[in-house]
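S.K.: Residue numbers (the working numbering), protein chains in the order written: chain A, 4 to 71; chain B, 104 to 503.
Here's a structure for you.
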Amino acid sequence: MVTMKVSADTAVCLAAGQCALMLPAVFDQRDDDGVVVVLDEEPPAELHDAVRAAVLGCPSGALRVDER
Amino acid sequence: MTRPQLPFDRPNVLDIAPLYDVLRCEAPLTRVTTPAGDPAWLVTAYAEAKQVFGDRRFGRSHPAPQEAARVSHAALLDGPSGNYETEEREHTRMRRLLAPAFSAPRMRRLAGRIEELTERCLDDMQAARDARPGVAVNLHELLAFPLPVLVICELLGVPYEDRAHFRQLSGRIGMIDGGEDARAAMAEFRAYTGGLAEAKRREPGPDVISDLVAAQAEDPTFTEDEVARLAAGLIFAGHETTSTRIDLGVLLLLADPGRRDRFAADPEGEVGPTVEEILRITAPGGLGLLRYAHDDVEVGGVTIARGDAVIISSNAANRDASVFPEPGEFDPDRRPNAHIAFGHGAHVCIGANLARTELRTVFPALLRRFPTLRLAIGVEDIEVCNNRLTGSVDEVPVTW
């Protein structure tokens with residue numbers, strides 16, 4: 004089974020929040036500055052496609068996903 | 104060979120000019136002539152569009168603004184903007200300040216209110232039909248235009264009663280051939296938002312313009328002009344763009360009864376991917392987004408010289424067949440659908456979450472209320488306004 008590890012570089016994040024809108028089960032944003040918060044660092048398999056799409060769509064390139 | 108001149112002719116409101124495909128097949132970047140008659144690079148390929156959007160060596164300012172290529176005679180995206188020395192710092196400040204107001208959690212809290220406002224617009228559509236049975240209802244006037252205006256007014260703290268005023272100003276600002284009149288309208292718009300900011304200073308409210316003036320009070324480098332400019336930009340971008348996507352999305356859904364029925368059968372299940380495909384394939388505006396090179400930069404096999412203007416056509420990039428197979432086909436089942444309708448990189452649309460929340464509300468609500476909705480005229484008979492930055496339509500006649 005593929006395990007997925009999601010991380011975010013908060014120094015690169017632009018706080019556009021597209022990930023948090025598309026996939027609220029995995030991503031959120033800080034109240035004060037909108038910077039990304041990863042809620043679920045190892046999301047379940049049924050969310051993997053959506054996580055990959057969020058990473059692909061991230062406008063700043065702050066999101067990273069490692070699969071093994 | 105003479106350089107092609109923007110804007111290119113499009114066959115109808117749902118398709119883009121075929122010339123974009125022709126140019127992209129030859130090269131990802133092409134030398135073109137702007138509507139103002141100056142030279143610029145046009146990016147039509149997806150990978151290079153993302154590359155330019157993502158590279159901080161491309162900015163909105165110009166090292167020598169008086170020498171910069173001009174794009175159009177509108178009062179926005181017409182030429183360089185901002186100060187070359189301070190652009191990045193000011194842009195970062197603006198993003199930090201505004202990002203929390205458009206965050207996903209905030210937008211989710213706003214969603215219920217957007218639903219109420221949508222239902223109110225749908226009531227108005229029904230009332231219009233009851234008042235004159237047998238006459239088509241103009242969805243643009245009763246839904247696509249007022250809904251984003253109602254929402255942005257609430258979010259920014261702008262009086263809805265002023266809509267006729269900023270509507271005519273927005274229209275004039277966005278005319279590609281507007282010239283003097285577009286600039287006069289922009290000055291008037293900034294005077295209007297400057298007045299709003301002044302009112303918020305005296306009496307702050309729970310809104311974005313009040314946030315802006317509060318931040319300004321803390322920062323001596325943040326001028327009143329800058330606040331007025333930002334507020335005008337937010338009002339303009341906050342309604343024109345979303346209005347156009349609603350118009351074009353409705354046209355797209357109704358142009359094919361099978362498409363409409365599939366959506367109407369399961370609006371909640373279909374809405375996410377349908378909105379993404381609407382964002383990918385609808386093509387507002389006749390030009391694209393503008394950058395100037397702050398350094399010599401290699402992109403797509405050519406060297407863009409420092410100071411050159413680059414126009415990025417997201418509309419063309421979103422139909423790049425190497426990324427989106429059968430790009431002209433509306434297909435909500437595309438996975439992934441990593442379109443760049445909101446741009447990419449440091450300048451990515453700050454209102455993307457707001458726009459998505461509005462679009463995800465409006466289409467299901469519309470087809471739940473009027474499942475037999477159809478166009479009263481053919482798509483090819485809808486007039487295309489190619490001379491406006493946001494490429495809007497004025498009429499979407501529907502019946503049910």
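Glycine is no exception: its CB is placed at the ideal position from the N, C-alpha and C atoms.
Fair warning: this is a prediction, and the values are worked out from it, not measured in the lab.
1) Taking only beta-carbon positions, decide if residue 205/B is within less than 8 Å of chain A.
2) Just to make sure I have the definition right: I need the residues of chain B whose C-beta is within less than 7 Å of the C-beta of residue 24/A. Which are they?
3) Using a threshold of 8 Å, state whether the C-beta atoms of residue 255/B and residue 194/B are closer than that.
4) What span of residues does the alpha helix (DSSP H) with residue 360/B cover, start to end?
5) Would you please state the rounded distance, in angstroms, between the beta carbons of residue 357/B and residue 476/B? I believe it to be under 8 Å.
6) Going by C-alpha to C-alpha distance, which of 9/A, 26/A and 8/A sits closest to residue 504/B?
7) Say whether chain A places a C-beta atom closer than 8 Å to the C-beta of residue 286/B.
8) Just to confirm my understanding: we take residue 453/B, look at its own chain, exclude 5 residues before and 5 after, and list those with CB closer than 6 Å. What are they?
9) Pull up the CB-CB distance for residue 161/B and residue 394/B, whole angstroms please, since I reckon it's below 8 Å.
10) For residue 364/B and residue 438/B, what's the separation of their Cα atoms in angstroms?
11) How should residue 435/B be labelled, buried or exposed, when 16 other C-beta atoms within 10 angstroms of its C-beta is the threshold for buried?
12) Please report the Cβ distance between residue 237/B and residue 62/A, rounded to the nearest whole angstrom; I am assuming they are in contact, meaning their Cβ atoms lie under 8 Å.
13) Restricting to Cα atoms, I'd like to know which of 44/A, 4/A, 11/A and 71/A is closest to residue 38/A.
14) Between the alpha carbons of residue 466/B and residue 352/B, how many angstroms are there, rounded?
15) Below 8 Å, can you find three or more Cβ-Cβ pairs linking the segment 253-268 of chain B to the segment 136-155 of chain B?
16) Which runs of the alpha helix (DSSP H) at least 4 residues long sit entirely within the segment 233-259 of chain B? Give them in chain order.
17) Have a look at residue 379/B and residue 445/B and give me their C-alpha separation to the nearest angstrom.
18) Beta-carbon of residue 192/B versus every beta-carbon of chain A: anything under 8 Å?
19) On the DSSP bridge list, what partners appear for residue 273/B?
20) For residue 268/B, count neighbouring Cβ atoms within 10 angstroms of its own Cβ and tell me buried if that reaches 16, exposed if not.
21) Run through DSSP, which three-state label would residue 313/B get?
22) Going straight from the alpha carbon of residue 402/B to that of residue 240/B, what length do you get?
23) Does chain A have any CB closer than 8 Å to the CB of residue 198/B?
24) Hey, how far is the Cα of residue 35/A from the Cα of residue 203/B?
25) Which word fits residue 263/B, buried or exposed, when buried means at least 16 other C-beta atoms lie within 10 angstroms of its C-beta?
26) For residue 124/B, does the three-state DSSP call read helix, strand or coil?
27) Within 8 Å (strictly less), CB to CB, does residue 340/B reach chain A?
28) Under 8 Å between the Cβ atoms of residue 396/B and residue 410/B?
29) When DSSP labels each residue in this structure, what does residue 417/B get in the three-state scheme?
30) So within the segment 12-64 of chain A, which uninterrupted beta strand (DSSP E) runs reach at least 3 residues, ignoring any that extend past its ends?
31) Interface residues of chain A around residue 451/B at Cβ under 9 Å?
32) If I follow the unbroken beta strand (DSSP E) through residue 283/B, where does it start and stop?
33) Whole angstroms are fine: how far does the CA of residue 320/B sit from the CA of residue 215/B?
34) With a threshold of 7 Å on Cβ separation, who are the neighbours of residue 480/B within its own chain once the five nearest residues in sequence on each side are excluded?
35) Would you call the segment 107-127 of chain B and the segment 51-65 of chain A in contact, with 3 or more CB pairs under 8 Å?
36) Any beta carbon of chain A sitting closer than 8 Å to that of residue 372/B?
M.R.: Based on what the coordinates show:
1) yes
2) 207, 210, 456 and 459
3) no
4) 360-368
5) 6 Å
6) Coverage of chain B is limited to positions 104 through 503, which leaves residue 504/B absent and any answer about it impossible.
7) no
8) 201 and 205
9) 4 Å
10) 22 Å
11) buried
12) The Cβ separation is near 47 Å, so there is no contact.
13) 11/A
14) 8 Å
15) no
16) 249-259
17) 11 Å
18) no
19) Per DSSP, none; premise fails for residue 273/B.
20) exposed
21) helix
22) 48 Å
23) yes
24) 6 Å
25) exposed
26) helix
27) no
28) yes
29) helix
30) 30-32 and 39-41
31) 17, 19, 21, 62 and 63
32) Taken as a continuous stretch (DSSP letters only), residue 283/B belongs to no beta strand (DSSP E), being part of the alpha helix (DSSP H) at 283-305.
33) 32 Å
34) 500
35) no
36) no
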